[in-house]
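Using UniProt numbering, the final residue of the sequence shown is 454, and nothing's skipped along the way.
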Amino acid sequence: KGPRTCGISLTIKDPRWVGAWWLGFLIAAGAVALAAIPYFFFPKEMPKEKRELQFRRKVLAVTDSPARKGKDSPSKQSPGESTKKQDGLVQIAPNLTVIQFIKVFPRVLLQTLRHPIFLLVVLSQVCLSSMAAGMATFLPKFLERQFSITASYANLLIGCLSFPSVIVGIVVGGVLVKRLHLGPVGCGALCLLGMLLCLFFSLPLFFIGCPSHQIAGITHQTSAHPGLELFPSCMEACSCPSDGFNPVCDPSTRVEYITPCHAGCSSRVVQDALDKSQVFYTNCSCVVEGNPVLAGSCDSTCSHLVVPFLLLVSLGSALACLTHTPSFMLILRGVKKEDKTLAVGIQFMFLRILAWMPSPVIHGSAIDTTCVHWALSCGRRAVCRYYNNDLLRNRFIGLQFFFKTGSVICFALVLAVLRQQDKEARTKESRSSPAVEQQLLVSGPGKKPEDSRV
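Next comes the structure, spelled out in structure tokens:
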């Protein structure tokens, strides 16, 4: 009884539409290849690197000289000379051999991990990266399912709104740090303020969305939609395949059927237009009053909400990226000079392991729990055909809200620790200032300032 189809009549609104998904990768690869051409014209050694290498060799020769070792014993060295020697050793640290680096690495690693500011800032960045990884992976699919828009339109909106907002947020954060001359406490306050505003603008996202489609045989709201209770008794004689998927929509009741066979249709009509053709199925025994059904999924009545939804997402992304520069400055200022390179390496290692790897898995698992109809392949679940839109929105936005809350807590702790450290530093200065004044009075007006240092 099912209709026989000939040829392929798919549009971009059809859920089975794939499109040239590989074209974007080719364009991006070509752009990267063109951007890499100037690197072939760089010199083998940069002029600045040559001068630094000569300085390191001189310092290494001075520190390794036997005569220098015999003359300058630790007891005879002045504080200024020992400081200079330490700075020189810091600058020649990259010249360590692999064995020497392996011996030093555990001590430096533990010393870096025991720093509270470093750990808290990295944990907050892990939360932000988890949020970004989930958004980058599943936001196009979320928009497509939630607002019933095409995949190309969803990606176009993301490229026009979300990515520029991220760039603006990073640039504005750097400008604020430079213009306001923010110290560690100021950077911590800016990070906390940005994440609090981001959390605030995320609250309306829980209420902006579309209801789930009414699918015959899947959703059971027979009182509101008279077409749903006719399924599946009306098409028992059709012997419809269980794994088929060719959705059709009844425009009068906005009830969707998995295939024309499930709607009990027996004929197919193609209406050719100037720019596209529309496919109708008629003589449908499962449709109220036998109305013809239109090929493709039903359009959503609230697709226009995708623009305000994405504007709020973009605004939240800009506010979250406002913390990028100040948090990076907190890491660089919070560790020793010789440990900065290692600290940055540890930071990105944690971001890869704790954020970019598990976050897509967590988001994907949460999205799968909202599926109401799975397509089967060889008796196993293959792909989800229909989602519960309310659950999908609450769980996807809820995960984003969870990671943002974790980042706010970490930045709040960072600000508390920084204020405590600043308070302790001021207390030490206030205690040491009377001793300095007394020493200056004892030394007398005739002595030089260098002789009166404590």
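All residues carry an ideal CB built from backbone N, CA and C; glycine is no exception. Quick caveat, the model's predicted, so the values are computed rather than measured.
Beta strand (DSSP E) segment containing residue i, residue limits
| i | result |
| --- | --- |
| Y153 | It is not in any beta strand (DSSP E) - Y153 instead sits in the alpha helix (DSSP H) that spans A151 to L157. |
| E256 | V255 to Y257 |
| C321 | Unbroken run through C321 is the alpha helix (DSSP H), V306 to C321; no beta strand (DSSP E). |
| L294 | V293 to A295 |
| R268 | S267 to D272 |
| F200 | No beta strand (DSSP E) holds F200; the alpha helix (DSSP H) holding it covers P184 to S202. |
| T112 | No beta strand (DSSP E) holds T112; the alpha helix (DSSP H) holding it covers V98 to L113. |
| S212 | Run containing S212: none; DSSP gives neither H nor E here. |
| Y281 | S277 to T282 |
| V248 | V248 to D250 |
Nearest neighbour of residue i, chosen from the options [CA to CA]
| i | options | result |
| --- | --- | --- |
| G174 | L157, N155, C384 and G194 | G194 |
| V185 | I158, I353 and V417 | V417 |
| C321 | V126, V306, V171 and D390 | V171 |
| T323 | V98, C127 and Y39 | C127 |
| F284 | V248, L376 and F147 | For the record, residue 284 in the displayed sequence is Cys; it is not Phe. That would be V248, whose Cα lies nearest to the Cα of C284. |
| F118 | D250, Y39 and S327 | S327 |
| P360 | F42, D299, I331 and M135 | M135 |
| I353 | S266, L311, A133 and Q421 | A133 |
| H181 | M329, V288 and S365 | M329 |
| S297 | L310, T253, L190 and I367 | T253 |
| I367 | L399, L310, Y257 and I331 | L399 |
| C384 | P241, F245 and F280 | F245 |
| D339 | L205, R107 and L312 | R107 |
| T301 | V32, F147 and V104 | F147 |
| C286 | D272, Q271, A295 and D250 | D250 |
| G183 | L109, A382, E289 and D422 | D422 |
| Q420 | P116, F396, L23 and F280 | P116 |
| V255 | L294, P204 and I37 | L294 |
| I167 | G364, I397, I149 and S317 | S317 |
| I215 | D299, F280 and L205 | D299 |
| V313 | A28, V32 and F163 | F163 |
| L203 | K428, G379, R431 and F401 | F401 |
| F396 | V408, T369 and G379 | T369 |
| L190 | I258, C240, A28 and S407 | S407 |
| L109 | H363, A425, Q347 and S377 | Q347 |
Own chain residues within Cβ distance below 7 Å of residue i, not counting five before or after
| i | result |
| --- | --- |
| T282 | C265, S267, V269 and P292 |
| A412 | L192 |
| residue 458 | Nothing can be reported for residue 458: it is not among the residues displayed for the chain, which extend from 1 to 454. |
| T405 | L199 |
| V335 | T112, H115, F118 and A343 |
| A355 | V126, S129, S130 and A133 |
| S75 | For S75, the predicted model reports a pLDDT of 45, less than 50, meaning its position is unreliable; a value from the coordinates is still stated below. For S75, where only same-chain residues beyond five positions count, there are no Cβ hits under 7 Å. |
Residues near residue i by beta carbon distance below 8 Å, same chain, minus five either side
| i | result |
| --- | --- |
| residue 465 | Nothing in the structure corresponds to residue 465, since the chain is present only between 1 and 454. |
| L319 | G169, G194, M195, L197, C198 and F201 |
| P358 | S130 |
| P38 | none |
| W374 | R381, A382, V383, C384 and R385 |
Beta-carbon proximity list for residue i, same chain, < 6 Å, skipping 5 on both sides
| i | result |
| --- | --- |
| F403 | C127, S130 and M131 |
| L315 | F201 |
| Q86 | Its pLDDT being 43, under 50, Q86 is placed unreliably in this model, and the value from its coordinates should be taken loosely. Here the set comprises nothing. |
| L310 | L157 and L161 |
| S165 | S314, S317 and A318 |
| C410 | L120, L123 and S124 |
| residue 471 | The displayed coordinates of the chain run from 1 to 454. Any statement about residue 471 would go beyond what the structure contains. |
For residue i, the first and last residue of its enclosing alpha helix (DSSP H)
| i | result |
| --- | --- |
| V288 | That residue, V288, is in no alpha helix (DSSP H); it is neither H nor E in DSSP. |
| S327 | H324 to G334 |
| V32 | L23 to A36 |
Proximity test, residue i beta-carbon vs the ligand MN heavy atom, cut-off 6 Å
| i | result |
| --- | --- |
| N389 | The ligand MN is not part of this structure, which contains no ligands at all. |
Does the contact criterion of 3 or more C-beta pairs under 8 Å hold for the stretch 116-131 versus the stretch 335-350? yes
Taking 8 Å as the threshold, find out whether the stretch 388-395 comes into contact with the stretch 206-220 through three or more Cβ pairs. yes
Is the stretch 154-166 in contact with the stretch 135-145, if contact means three or more CB pairs nearer than 8 Å? yes
If we require 4 or more residues per run, which alpha helix (DSSP H) segments fall completely within the stretch 350-390? 358-368
Any chance the stretch 299-310 sits against the stretch 261-268, with 3 or more Cβ pairs inside 8 Å? no
Report the residue ranges of all alpha helix (DSSP H) runs contained in full by the stretch 124-182; include only those spanning at least 4 residues, in chain order. 151-157 and 163-179
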